[in-house]
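For what it's worth, my numbering labels the leading residue of the sequence shown as 5, then goes sequentially.
Glycine is no exception: its CB is placed at the ideal position from the N, C-alpha and C atoms.
All values reported here derive from a predicted model rather than from experimental measurement.
Report on the following structure.
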Amino acid sequence: MKPFRRIRVLFALCLLLAAPAFANPGLWVAKKDQATVYLFGTVHLLPSDTNWSSKPLDQALEASSRLVIELTDDNPANMQALVIKYGLDPAHPLSGKLSERDRHRLERAAEEAQLPGGAATLQAMRPWLAAVSLAVGPLVRAGMDPAQGVDKTLRARMEKADKPVEGLETAEQQLRMLADMPEPLQLSFLRQSLDEVAQGPARLRDLIDAWRRGDTDEIARIEDEDLRKGSPELYDRMLVKRNEAWAKNIAERMKQPGTTFVAVGAGHLAGPDSLLKQLEKLGIEVQRQ
5 MKPFRRIRVL FALCLLLAAP AFANPGLWVA KKDQATVYLF GTVHLLPSDT
55 NWSSKPLDQA LEASSRLVIE LTDDNPANMQ ALVIKYGLDP AHPLSGKLSE
105 RDRHRLERAA EEAQLPGGAA TLQAMRPWLA AVSLAVGPLV RAGMDPAQGV
155 DKTLRARMEK ADKPVEGLET AEQQLRMLAD MPEPLQLSFL RQSLDEVAQG
205 PARLRDLIDA WRRGDTDEIA RIEDEDLRKG SPELYDRMLV KRNEAWAKNI
255 AERMKQPGTT FVAVGAGHLA GPDSLLKQLE KLGIEVQRQ
């Protein structure tokens, strides 16, 4: 698996095949004094028939007075404005940044992804946005429903119970992690997307099954290992630094009594630099449920 696979995972572009109907993702709990935090790994797109509820999960949600997810301001109007701000560059057409070979590959990938308007739609985009756009179409056609994402389902449940929902980051922060990459890195990201569109969705079956089982070792191997070895700077920027920041946020919350449910991308709860490991460094014990 190539290093840029991790980026698509972070931005909800990892689930290309239908997961088995029943899932039992990982759930952890951290306790200190009178504070309790549940930690749950999520995926942002799922087939509509995937059942990932469980008795321990339901009990944790019932016990929690608030939900914390990666971001809460991902409404369409805000996302559109941010994409326009950080993702478009009509003065410098995308094809002008590519070799002749990559231009042909871009055209083929746009066709295979059934992108409306084909490659012409991508011309005004910066490379990072073109890469993401090529990955999104196959997700929906493969049966992935954004409305069925774990984050959205948890949020709706907690809001129905009149419990507050807070974000660890903003949509702008997340998009800028891609938009602020140097252009050569963005172009590498795009080339990786071209490869993956050509290869089809089958390579991610193992990732989906690992999430379903709550297999953090396998998730770490699939999502993080190649990125850590192949692009350590990007790994540090997109995974380690964020996990460190989130751990500090959670540790600060745990200075006050109460129970909080934290749901973040499953890759953040796997591997040697996971959010769980960062919490342990801060003296917070974490146990698997």
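Boundaries cannot be given for Glu-74, as no alpha helix (DSSP H) includes it and DSSP labels it neither H nor E. DSSP places Gln-291 in the uninterrupted beta strand (DSSP E) bounded by 290-292. The Cβ neighbour count for Gly-91, taken over all protein chains shown within 10 Å, is at least 16; the residue is labelled buried.
Ala-117 has its alpha-carbon roughly 6 Å from the corresponding atom of Leu-138. In the three-state DSSP reduction, Asn-247 falls in the helix class (H, G or I). Per DSSP, Leu-110 is one residue of the alpha helix (DSSP H) stretching across 104-116.
Using a 10 angstroms sphere on the CB of Asn-79, the tally of other CB atoms stays under 16, which defines it as exposed. Assignment of Glu-229 by DSSP, reduced to helix, strand and coil, places it in the helix class.
The straight-line gap separating the alpha-carbon atoms of Ile-223 and Ala-270 is approximately 8 Å.
The residues Thr-220, Ile-223, Ala-224, Glu-227 and Asp-228, in chain order, have a CB closer than 7 Å to that of Ala-274 in the same chain once the five nearest residues on each side in sequence are set aside. Taking 8 Å as the cut-off, the Cβ atoms of Ile-73 and Asp-155 count as close.
When the beta-carbon positions are compared, Ala-251 and Gln-282 come within less than 8 Å of each other.
Exclusion of the five residues before and after Val-33 leaves Thr-40, Val-41, Tyr-42, Leu-43, Ala-64, Val-290, Gln-291 and Gln-293 as the residues of its chain whose Cβ lies within less than 8 Å of its Cβ. Distance between Ala-135 and Leu-119, taken at the CA atoms: about 12 Å. For the pair Tyr-239 and His-272, the Cα-to-Cα distance works out to about 12 Å.
When secondary structure is reduced to three states using DSSP, Gly-45 falls in the strand class. Per DSSP, Glu-173 is not a residue of any alpha helix (DSSP H), being assigned neither H nor E.
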